[in-house]
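Below is one structure, written out as structure tokens; the observations come after it.
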Amino acid sequence: MATDAIEKLIFIYNADTGLKNGLFDIAHKIFNPSTYECRLCELTFGTFREKRLWKNFRLEHTVQMEFLHKDEFLKTYASKFMPAYTFPIILEATAHDLEIFMTTKELKAMSDTQDLIAAINQKF
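Residue -3 is where the sequence shown starts when you use my numbering, and the numbers rise one by one after that.
See below:
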């Protein structure tokens, strides 16, 4: 059986939206980075802005990418049939479904942005 083509990747950060949450995340990254719980944030963003290597990859890649905070994802994609995902996570959206593209465990195992880029490229 053929699998559906990936229409977009949905990157979901283990962080919520809002100024207060953003400031808390920045402080957490600066003062106690070893306990910060969003590896996806660390792989794609520095303390204050998107990493240049990641930004270039994101802009040049052919697949559409959507980036959401955990609260945005849960609101936008709310469904009683949605599995209980762990965050951060990367999902793939096809014409018919959402599937896991990269798990929280896989993201935690990556040492740097280049690992993330290589893992995404390997799946395409």
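Where is the CB? At the ideal position from N, CA and C, for every residue including glycine.
Check                                                                                                                                                             : Outcome
In whole angstroms, what separates the C-alpha of M106 from that of L112?                                                                                         : 7 Å
Taking the continuous beta strand (DSSP E) assigned at I6, which residues delimit it?                                                                             : K4 to Y9
Would you kindly report the start and end of the unbroken alpha helix (DSSP H) that includes E88?                                                                 : Per DSSP, E88 belongs to no alpha helix (DSSP H); it is in the beta strand (DSSP E), I85 to A89.
Quickly, what does DSSP pair L94 with across the bridge? List them, please.                                                                                       : A89
Looking only at its own chain, which residues have a Cβ that is under 8 Å from the Cβ of D93, when we skip the five neighbours before and after it?               : D0
Spatial neighbours of M61 within its chain, please: CB distance less than 7 Å, with the 5 preceding and 5 following residues excluded, ordered by chain position. : K4, L5, F7 and R54
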